[in-house]
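Residue numbers (my numbering): 272 to 620. Backbone N, C-alpha and C define an ideal beta-carbon position, used for all residues, glycine too. Only one structure is covered here, and it is reproduced in the block below.
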Ligand code: AMP
């Protein structure tokens with residue numbers, strides 16, 4: 272096996288391509304935007320839409336295995352590719368992760384608690400769902416939400432929902448019960464072609480304006496809660512016959528129990544710390560998994576904090592570089608727009 276195809280040309284694709292190169296794999300990126308972050312470090316790019324069948328056929332022809340760096344790859348594109356080449360993670364993982372209702376049902380079927388929820392298809396449905404949750408809840412688009420976009424929080428009956436259905440674009444929604452969590456954690460886990468599962472230690476995540484701000488490892492979790500997170504990740508991976516790295520986000524309740532929030536069928540922002548604090552990063556782990564190489568055991572040699580560099584945070588890079596024990600990783604994006612992920616830094620503590 273020599274060439275890995277990656278659908279999506281953002282920073283996750285970039286970091287996968289770097290990891291692939293270190294193990295002697297070539298990478299080809301399928302991405303409509305030319306000179307994207309991934310292509311800057313890859314061996315080639317097919318500049319085309321993700322659902323362009325001629326481009327997908329060309330990708331399949333030039334690669335031995337195909338993966339993706341974002342969960343909104345059209346399922347039909349992944350299934351098309353899977354007819355001629357292995358596609359990891361399996362297209363089924365995309366199908367589950369693309370719709371929050373399907374995702375919650377799937378997670379519950381794995382025996383893992385989630386927030387209670389109602390599918391909401393119109394304003395009357397929203398009012399009925401809110402009444403069931405005593406006026407409190409988080410309303411989200413079922414599809415295509417990210418970084419807190421496409422969400423609205425209801426804090427009680429005083430938050431009148433008039434017009435709220437249309438405010439989120441009149442698309443199918445989900446109302447989740449409001450989870451009064453103590454903290455948010457995530458676990459990055461991998462499953463190999465032979466079914467071996469390996470987890471990194473859970474990290475504790477802080478979000479700002481709906482975007483991940485920091486991940487701290489170790490998370491302040493009891494050993495039993497950390498073990499539950501590993502068990503939940505394994506159940507999800509096994510149930511999907513998964514191959515590759517997955518991110519699973521949880522809320523931790525005051526009694527230490529876990530409520531799964533969502534899964535990301537790809538390498539995950541909350542796992543970027545692994546490149547500084549583990550011998551093998553999540554990116555290399557993913558490449559190992561999808562090419563049938565042995566997985567790392569996920570061992571961590573240091574405690575650390577990862578912080579995203581968003582928008583004009585990029586101006587602070589010289590100061591970060593002067594800091595001892597800090598590893599800076601930049602994404603090659605020309606323009607620093609507000610809210611745009613420009614890079615991240617991980618410092619060992
Ligand atoms: P998500 O897009 O589902 O990751 O949600 C973004 C953030 O909103 C989460 O990281 C939480 O901080 C918050 N959030 C999402 N869903 C809920 C919920 N059901 N209850 C409380 N907070 C939530």
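Can you check which of these residues, the options, is closest to residue i by C-alpha distance?
i: residue 604; options: 296, 466, 305; result: 305
i: residue 620; options: 437, 505, 577; result: 577
i: residue 482; options: 541, 439, 492, 500; result: 541
i: residue 316; options: 330, 322, 324, 471; result: 330
i: residue 523; options: 383, 361, 467, 289; result: 383
i: residue 509; options: 374, 327, 381; result: 381
i: residue 618; options: 606, 590, 492; result: 590
i: residue 518; options: 492, 528, 486, 548; result: 486
i: residue 527; options: 513, 496, 612; result: 496
Using a 10 Å radius around the Cβ and a threshold of 16 neighbouring Cβ atoms, would you call residue i buried or exposed?
i: residue 293; result: exposed
i: residue 498; result: exposed
i: residue 385; result: buried
i: residue 301; result: buried
i: residue 348; result: buried
i: residue 593; result: exposed
i: residue 606; result: exposed
Give a yes or no on whether the C-beta atoms belonging to residue i and residue j are separated by under 7 angstroms.
i: residue 459; j: residue 539; result: yes
i: residue 370; j: residue 413; result: yes
i: residue 319; j: residue 298; result: no
i: residue 407; j: residue 449; result: yes
i: residue 278; j: residue 287; result: no
i: residue 476; j: residue 447; result: no
i: residue 338; j: residue 359; result: yes
i: residue 488; j: residue 575; result: yes
i: residue 290; j: residue 554; result: yes
i: residue 445; j: residue 390; result: yes
i: residue 560; j: residue 400; result: no
i: residue 533; j: residue 546; result: no
i: residue 281; j: residue 308; result: yes
Hey, residue i and residue j are a contact pair by Cβ (cut 8 angstroms); roughly how many whole angstroms apart?
i: residue 410; j: residue 420; result: Not quite, the Cβ-Cβ distance comes to about 13 angstroms (not below 8 angstroms), so this is no contact.
i: residue 543; j: residue 615; result: 5 angstroms
i: residue 415; j: residue 480; result: In fact, because the Cβ distance is near 19 angstroms, the residues do not count as touching under 8 angstroms.
i: residue 247; j: residue 609; result: In the structure as shown, the chain starts at 272 and stops at 620, and residue 247 therefore has no counterpart that could be examined.
i: residue 470; j: residue 569; result: 5 angstroms
i: residue 558; j: residue 296; result: 7 angstroms
i: residue 572; j: residue 550; result: 7 angstroms
For chain C, find out if any of its Cβ atoms is closer than 7 angstroms to the Cβ of residue i; answer yes or no.
i: residue 430; result: No chain C is present in this structure, which holds just one protein chain.
request  = Could you tell me which uninterrupted beta strand (DSSP E) segments, each at least 3 residues in length, are contained entirely in the stretch 403 to 485, listed from first to last along the chain?
outcome  = 407 to 412, 422 to 426, 444 to 447, 454 to 462, 468 to 470, 474 to 479
query = Considering only residues of the stretch 488 to 571, which uninterrupted beta strand (DSSP E) runs meet the minimum length of 3 residues and lie entirely inside it, listed in chain order?
reply = 515 to 523, 529 to 535
request  = Any chance you could list the alpha helix (DSSP H) runs of at least 4 consecutive residues sitting entirely within the stretch 333 to 374, in chain order?
outcome  = 346 to 353, 362 to 368
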